[in-house]
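Chains as they are written, first to last, in the working numbering: chain A, 3 to 97; chain B, 4 to 184. Even glycine gets a Cβ: it sits at the ideal position worked out from N, Cα and C. Just so we're clear, the structure is a prediction, and the values are computed from it rather than from any experiment. Each remark here refers to the structure printed beneath this line.
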């Protein structure tokens with residue numbers, strides 16, 4: 003099999019896009035080919051690590067700050083939650 | 004279509020109709036529906052919370068300003084991500100000029116945190132043409148077709164960039180990956 007074809011198969015293997023039969027066939031071929039095996043294992047590992055990367059936290063503070071930016075730019079918007087605590091009460095200096 | 008996706012699709016249609024009719028609550032509805040996804044996407048593109056919040060707000064403001072271009076034909080999400088993408092690219096150009104450092108805010112056990120920062124850093128170090136397919140397909144779990152539509156390229160071109168990007172990421176991760184084995 004050509005190197006180019008192997009590379010394509012390894013790409014699909016890494017993204018778990020091969021059928022289980024092809025997956026097993028490729029693994030069997032890799033048992034006798036250390037370079038191919040290393041390529042398959044390391045690429046799949048990299049993809050798995052990336053996919054396991056946690057989402058950035060979408061915090062309540064971020065939600066509120068984005069809302070404030072929208073208000074400040076004149077957007078009319080109905081928030082899902084009551085006003086944040088710091089906007090619910092008048093500060094003494096505001097009378 | 005799974006139940007959640009169907010409900011989101013119906014809600015999207017409702018808010019887009021409301022936006023077309025000039026209903027002032029429409030923006031809030033669309034923000035509730037897509038705010039978190041756009042924030043996550045912009046954070047991954049820009050690498051810091053402040054810029055991600057700015058870009059998210061600006062994305063929704065542009066939705067209102069450009070609502071005349073909208074068609075309720077299922078392509079709204081692609082259009083929304085394109086707006087966010089253009090804003091991110093503008094901000095990345097500014098960063099390049101000003102050399103702003105990304106802030107990676109992570110929590111958890113030290114070793115896991117170190118690995119996450121390494122993955123995050125490796126992703127940020129990739130050229131944009133590789134980074135974007137990885138964000139869309141591997142992190143946001145979009146289909147290749149949807150990612151290709153956002154980038155205005157063909158599906159084979161998207162896949163080619165995705166596979167090259169994964170290999171480039173593996174090369175960047177290098178020794179960090181060996182430590183996890």
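Check whether the Cβ atoms of residue i and residue j sit closer than 7 Å, and answer yes or no.
i: residue 83 (chain B); j: residue 61 (chain B); result: no
i: residue 53 (chain B); j: residue 42 (chain B); result: no
Rounding to the nearest angstrom, what Cα-Cα distance links residue i and residue j in this structure?
i: residue 11 (chain A); j: residue 72 (chain A); result: 47 Å
i: residue 76 (chain A); j: residue 45 (chain B); result: 22 Å
i: residue 88 (chain B); j: residue 63 (chain B); result: 13 Å
i: residue 20 (chain A); j: residue 46 (chain A); result: 12 Å
i: residue 8 (chain B); j: residue 34 (chain A); result: 45 Å
i: residue 139 (chain B); j: residue 58 (chain A); result: 15 Å
i: residue 16 (chain A); j: residue 28 (chain B); result: 45 Å
i: residue 79 (chain A); j: residue 64 (chain A); result: 16 Å
i: residue 158 (chain B); j: residue 13 (chain A); result: 15 Å
i: residue 78 (chain B); j: residue 31 (chain A); result: 43 Å
i: residue 118 (chain B); j: residue 42 (chain A); result: 21 Å
i: residue 70 (chain A); j: residue 68 (chain B); result: 18 Å
i: residue 18 (chain A); j: residue 32 (chain B); result: 36 Å
i: residue 163 (chain B); j: residue 38 (chain B); result: 30 Å
i: residue 6 (chain A); j: residue 30 (chain B); result: 49 Å
i: residue 122 (chain B); j: residue 26 (chain B); result: 43 Å
i: residue 109 (chain B); j: residue 98 (chain B); result: Since pLDDT at residue 109 (chain B) reaches only 47, below the 50 mark, its modelled position is unreliable, and the value read off the structure follows with that caveat. Residue 109 (chain B) and residue 98 (chain B): Cα-Cα distance of roughly 22 Å.
Between residue i and residue j, how many whole angstroms is the CB-CB distance? I'm expecting something under 8 Å.
i: residue 150 (chain B); j: residue 136 (chain B); result: 6 Å
i: residue 154 (chain B); j: residue 52 (chain A); result: Contact flag wrong, Cβ pair sits at about 18 Å.
i: residue 49 (chain B); j: residue 15 (chain B); result: Contact doesn't hold; Cβ gap of about 25 Å is too wide.
i: residue 133 (chain B); j: residue 177 (chain B); result: Residue 133 (chain B) to residue 177 (chain B), Cβ: 16 Å. No contact.
i: residue 73 (chain B); j: residue 23 (chain B); result: 7 Å
i: residue 147 (chain B); j: residue 161 (chain B); result: 5 Å
i: residue 141 (chain B); j: residue 49 (chain A); result: 7 Å
Please determine, among the options, the residue with the shortest C-alpha to C-alpha distance to residue i.
i: residue 9 (chain A); options: B:166, B:175, B:81; result: B:166
i: residue 55 (chain A); options: B:174, B:26, B:144, B:31; result: B:144
i: residue 68 (chain A); options: B:71, B:40, B:170, B:56; result: B:56
i: residue 61 (chain A); options: B:120, B:70, B:40, B:66; result: B:40
i: residue 152 (chain B); options: B:26, B:71, B:85, B:12; result: B:85
i: residue 170 (chain B); options: A:66, A:40, A:74; result: A:40
Under 7 Å (Cβ pairs) to chain A, residues found in the segment 29-44 of chain B: 30, 31, 34, 35, 38, 39, 42, 43
Closer than 7 Å, Cβ to Cβ, to anything on chain B: give me those residues from the segment 5-18 of chain A, in chain order. 13, 16
Using a Cβ-Cβ cut-off of less than 7 Å, give me the residues of the segment 45-56 of chain A that come near chain B, in sequence order. 45, 47, 48, 49, 51, 52, 53, 55, 56
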